[in-house]
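Participant: As given, the protein sequences belong to chains X and L, one line each in that order.
Using the numbering used here, the letters of the first sequence correspond one by one to residues 1 to 250.
Using the numbering used here, the letters of the second sequence correspond one by one to residues 1001 to 1437.
Cβ atoms here follow ideal geometry from the backbone N, Cα and C, with glycine treated the same way.
Have a look at the structure that comes next, please.
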Amino acid sequence: MLKIKNLHASVEDKSILKGINLEVKAGEVHAIMGPNGSGKSTLASVISGKEDYEVEKGEIILHGEDIQELSAEERAHKGVFLSFQYPVEIPGVSVTNFIKTAINETRKGQGLEDMPAKDMLKKIREKAELLEIDRKFLSRPLNEGFSGGEKKRNEIFQMAMLEPQLAILDETDSGLDIDALRIVANGVNKLKSKDNAVIVITHYQRLLDHIVPDYVHVLYNGKIVKSGTKELAFELEEKGYDWIKEEVNA
Amino acid sequence: MELKDKLVSSFLVFENHVNVDSKIHDIRNEAIKTFENLGFPSKRDEDWKYTSLKGVLKHDYSVFPKQEKALEYKDVKRYFIHDMDTYKIVFVDGKFSSHLSETTHDKIDVCLMSSALEKSKYKPIIENYFNKIVAKDSLTQLNTAFSREGAYIHIPKNQLVDKPIQILHFSTGNEAALMLQPRNLIVVEENSHVQIIERHQSLTDNPVLTNSVTEIFASKRAIVDYYKLQNDNQEASLVDNTYVEQKSESFCSVHTFSFGGKLIRNNLNFFQKGERVDSTMKGITIIGDKQHVDHNTLVHHIEPNCESHQDYKGIFGDKSTGVFNGKVLVEKEAQKTNAFQANNNILLSDKATINTKPQLEIFADDVKCSHGCTIGQLDDSAMFYMRSRGIPKKEAKALLMFAFSNNVLSSVKIPQMKQRITKLIANKLGVNIGFDL
Chain X
1 MLKIKNLHAS VEDKSILKGI NLEVKAGEVH AIMGPNGSGK STLASVISGK
51 EDYEVEKGEI ILHGEDIQEL SAEERAHKGV FLSFQYPVEI PGVSVTNFIK
101 TAINETRKGQ GLEDMPAKDM LKKIREKAEL LEIDRKFLSR PLNEGFSGGE
151 KKRNEIFQMA MLEPQLAILD ETDSGLDIDA LRIVANGVNK LKSKDNAVIV
201 ITHYQRLLDH IVPDYVHVLY NGKIVKSGTK ELAFELEEKG YDWIKEEVNA
Chain L
1001 MELKDKLVSS FLVFENHVNV DSKIHDIRNE AIKTFENLGF PSKRDEDWKY
1051 TSLKGVLKHD YSVFPKQEKA LEYKDVKRYF IHDMDTYKIV FVDGKFSSHL
1101 SETTHDKIDV CLMSSALEKS KYKPIIENYF NKIVAKDSLT QLNTAFSREG
1151 AYIHIPKNQL VDKPIQILHF STGNEAALML QPRNLIVVEE NSHVQIIERH
1201 QSLTDNPVLT NSVTEIFASK RAIVDYYKLQ NDNQEASLVD NTYVEQKSES
1251 FCSVHTFSFG GKLIRNNLNF FQKGERVDST MKGITIIGDK QHVDHNTLVH
1301 HIEPNCESHQ DYKGIFGDKS TGVFNGKVLV EKEAQKTNAF QANNNILLSD
1351 KATINTKPQL EIFADDVKCS HGCTIGQLDD SAMFYMRSRG IPKKEAKALL
1401 MFAFSNNVLS SVKIPQMKQR ITKLIANKLG VNIGFDL
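Rendered as structure tokens:
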């Protein structure tokens, strides 16, 4: 589904990604771990098309097509979804109106008609239930005054509504208490299928207890320095990142 | 000839067409003298520091249009709020158009200034209210000097006016350049409620300058909702002078939507002459090119326990310029005043300008007055957030701007009006989405 080849990216002339290679197939869950400042969030932003980043070299191929020239919205229309580490507050736009607009604009981008209002409502109700979101919550202005947990739950709610093929969860576990973490993870797991894929970006192993990865990659200094299975996550949890740094620098 | 000289000499011609042996004409006479002394305002005047009329005054305006041109309703329908029943007072090149209008004398008077100024049955109202609260500034005086036509609305006690009243001024381009000076008088007596929509629309690319004066009187417990829709074409300029006097427990709101025109100057003045008065003034300005919109507001708090709410949002693109000058004057007797003022602006281009100047003069010691103005750009992180959810750039931008203006839009009480404004904003932003915010 997604193939990243020798990806180099920088922001304001500061080189951050220095040759990433990654292949994600449909049905898989990949975890990307690594210390602060290793480039995890940059990778997520570059895949989703944030314009602040300059891709200097390499390819990002989605379903066989290089998507580097596509705008963020065009990538979204092709099924890319990024759950933000820090969701942005948009006062004046309710959660419901935002998601309705997002869905219908995405459908427009895919050459489809607007979703009938009845289906939309049904879907909203269904997905809100899945994420244990209160109806009142849906009429609040998007992310404004939301707690950390509410923001993350709302991100996954939007993911559930948009049903992306490739979901990137950037530090979705930060700011979540254990109950919220369980709800969010449960939501993600329910959405998983053999046709879509998930990239989970995290510092800690605790989210991976709930969303079990097929592969774990360690990102350090702009490169994937180690890949393995879920056992690698346990090892990192236990030993921290220093041994990786030593291995790389040796 | 300079426009000023032309106007002063035109006054003599004007006198041939009106009854010069009347109190009204004494007022006109006085006014033309004041205008002659003052001349047009220039950037040297503190109140006009950021708005220059120079470019607007250079045209050779006709002051009295010669021929009349009939308009067909179907050709101008789109400028009306046409999906609801309303009273209509319509003028074409300054002259009343009876076939486009729908006036009434049934319990209320929704009719013409020209007949109100002449017929004796209106005399008590005219003598009590006409020209009573206007300022002595040159443009208002100029309008007074030539005051003859406009809307006359009188709502007696305890009337809930059954449908909104639309006041429309069309200019057709029959003249190479046209100056219009409509004069409106609106008197709403005790416990009555009225909704009014006002619009000036040029149908040509010939220059038009409108210098309008509206006096509004809201008696005890009256409710007046006034909407100004300013979406004129690129060669049309407007100076709108509106004066509102409110008696105790009255509520009056003026919403001004400025989306088009070459230059717009809104002088909006509220005088609170009673206790527990509520004055609300709100506006959305969305302009581009080299357009210029200036909001100059005044709230004069004279009595205790009153409120005023000002909320103006501006979005400026290209080389457009905005001005907001909001003056709140709280007299010593006006204790327990609550006065709020907000002016928030978004600049979409490096060459757009906003000059914003809150001016608070408070002589009472037990009041709550707040003001705030902000100038910013569209938030990049919000843009990326929305785009990553599949909302294209243009639509994302529009959604942010709608959200930004929502506080003003949400207090529009006529649903059809609100819908129209929403549509106009969407058109202006080039998007086709009915955000139901």
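Can you list the residues of chain X that L:P1392 reaches, using a CB-CB cut of under 7 Å?
Facilitator: The contacting residues are E73 and E105.
Participant: Hey, L:A1426 and L:L1400 are a contact pair by Cβ (cut 8 Å); roughly how many whole angstroms apart?
Facilitator: Contact flag wrong, Cβ pair sits at about 13 Å.
Participant: In the DSSP assignment, find the alpha helix (DSSP H) that holds X:L121 and state where it starts and stops.
Facilitator: Where X:L121 is concerned, the enclosing alpha helix (DSSP H) stretches over A117 to L130.
Participant: State the Cα-Cα distance for the pair L:D1240 and L:P1207, rounded to the nearest angstrom.
Facilitator: Taking the straight line from one Cα to the other gives about 17 Å.
Participant: For L:N1016, count the other beta carbons within 10 Å of its own beta carbon; 16 or more makes it buried, fewer makes it exposed. Which is it?
Facilitator: Counting Cβ neighbours within 10 Å, L:N1016 comes out exposed, since fewer than 16 surround it.
Participant: Please compile the residues from chain L whose C-beta is within a distance smaller than 9 Å of the C-beta of X:A117.
Facilitator: Residues of chain L passing the Cβ test: none, with the nearest at roughly 11 Å.
Participant: So which of L:E1002, L:Y1243 and L:E1235 has the shortest CA-CA distance to L:H1292?
Facilitator: Out of L:E1002, L:Y1243 and L:E1235, L:E1235 has the C-alpha closest to the C-alpha of L:H1292.
Participant: Which residue spans inside the region 1060-1099 of chain L form an unbroken alpha helix (DSSP H) run of at least 4?
Facilitator: Taking only runs of at least 4 residues, the alpha helix (DSSP H) segments lying wholly in the region 1060-1099 of chain L are 1073-1076.
Participant: For the alpha helix (DSSP H) that contains X:D242, what are its first and last residues?
Facilitator: Here the alpha helix (DSSP H) through X:D242 covers D242 to N249.
Participant: Taking its Cβ as the centre, do 16 or more other Cβ atoms sit within 10 Å of L:L1012, making it buried, or is it exposed?
Facilitator: The residue is exposed, with fewer than 16 neighbouring Cβ atoms inside 10 Å.
Participant: Could you work out which residues of chain X lie near L:N1267, taking near to mean beta carbons separated by less than 7 Å?
Facilitator: Under the 7 Å cutoff, chain X gives no residues; its nearest Cβ is about 29 Å from L:N1267.
Participant: Check whether the Cβ of L:N1355 lies closer than 8 Å to any Cβ atom in chain X.
Facilitator: So no, L:N1355 is outside the interface.
Participant: What does DSSP give as the partner residue(s) for X:E23 in the beta ladder?
Facilitator: In the DSSP output, where bridge partners are listed per residue, X:E23 has X:K3.
Participant: Going by C-alpha distance, which of X:G148, X:L7 and X:E73 is nearest X:G175?
Facilitator: Of the listed residues, the one whose Cα sits closest to X:G175 is X:G148.
Participant: Tell me the rounded alpha-carbon separation between X:N104 and X:M115.
Facilitator: About 6 Å.
Participant: Using only CA atoms, which one of L:K1327, L:S1320 and L:E1127 lies nearest to L:Q1310?
Facilitator: Ranking L:K1327, L:S1320 and L:E1127 by Cα distance to L:Q1310 puts L:K1327 first.
Participant: Work out the CA separation of X:W243 and L:D1350 for me, nearest whole Å.
Facilitator: Cα to Cα, L:D1350 sits roughly 50 Å from X:W243.
Participant: If distances are taken between C-alpha atoms only, which option among L:S1410, L:I1414, L:K1428 and L:P1392 comes closest to X:F98?
Facilitator: Looking at the Cα atoms, L:P1392 is the closest of the given residues.
Participant: Please confirm if X:L62 has its CB atom under 8 Å from at least one CB of chain L.
Facilitator: No, its Cβ sits nowhere closer than 8 Å to a Cβ of chain L.
Participant: For X:I124, return the contacting residues in chain L, with the cut-off set at a CB-CB distance below 8 Å.
Facilitator: Near X:I124 there are no residues of chain L at all, since even the closest Cβ is about 14 Å away, more than 8 Å.
Participant: Determine the contact status of X:R75 and X:G49, defining contact as a CB-CB distance below 8 Å.
Facilitator: Yes, they are a contact pair.
Participant: Under 7 Å Cβ-Cβ, which residues of chain X neighbour L:F1384?
Facilitator: Residues of chain X passing the Cβ test: K50 and A72.
Participant: Return the Cβ separation of X:I4 and X:I16 in integer angstroms, given the expectation that the two are a contact with Cβ distance under 8 Å.
Facilitator: Going by Cβ atoms, the distance from X:I4 to X:I16 rounds to 14 Å, so no, they are not a contact pair.
Participant: Counting only Cβ pairs nearer than 9 Å, list the residues of chain L close to X:P87.
Facilitator: Here the neighbours are Y1385.
Participant: Hey, L:Y1226 and L:I1196: beta-carbon distance below 8 Å or not?
Facilitator: Going by C-beta atoms, L:Y1226 is nearer than 8 Å to L:I1196.
Participant: So, at 6 Å on beta carbons, what are the nonlocal neighbours of L:T1321 in its own chain, with the 5 sequence-adjacent residues on each side left out?
Facilitator: Same-chain partners within the cutoff: H1292 and T1353.
Participant: Looking at the secondary structure, which residues open and close the beta strand (DSSP E) in which L:G1283 lies?
Facilitator: Its beta strand (DSSP E) spans residues D1278 to I1287.
Participant: Drop a sphere of 10 angstroms on the beta-carbon of L:S1120, count the other beta-carbons inside from all chains shown, and report buried for 16 or more, exposed for fewer.
Facilitator: It is exposed - the Cβ of L:S1120 has fewer than 16 other Cβ atoms within 10 Å.
Participant: Find out if the Cβ-Cβ distance for the pair L:H1255, L:K1282 is shorter than 8 Å.
Facilitator: For L:H1255 and L:K1282, yes; Cβs fall inside 8 Å.
Participant: Quick check on L:L1180: does DSSP put it in helix, strand or coil?
Facilitator: If DSSP states are grouped into helix, strand and coil, L:L1180 belongs with the strands.
Participant: Mapping DSSP to helix, strand and coil, what is L:M1386?
Facilitator: Helix, per DSSP.
Participant: For L:S1237, which beta-bridge partners are listed by DSSP?
Facilitator: L:L1209 and L:L1263, per the DSSP bridge assignment.
Participant: Check whether the Cβ of X:I90 lies closer than 8 Å to any Cβ atom in chain L.
Facilitator: Judged by the 8 Å Cβ criterion, X:I90 is in contact with chain L.
Participant: So if DSSP puts L:C1373 in a beta bridge, which residue, or which two residues, is it bridged to?
Facilitator: In the DSSP output, where bridge partners are listed per residue, L:C1373 has L:N1343.
Participant: Which runs of the beta strand (DSSP E) at least 3 residues long sit entirely within the region 172-249 of chain X? Give them in chain order.
Facilitator: Counting only runs of 3 or more, we get 197-201, 215-220 and 223-228.
Participant: Between the C-alpha atoms of L:D1289 and X:L7, what's the straight-line distance to the nearest angstrom?
Facilitator: So the alpha carbons of these two residues sit roughly 42 Å apart.
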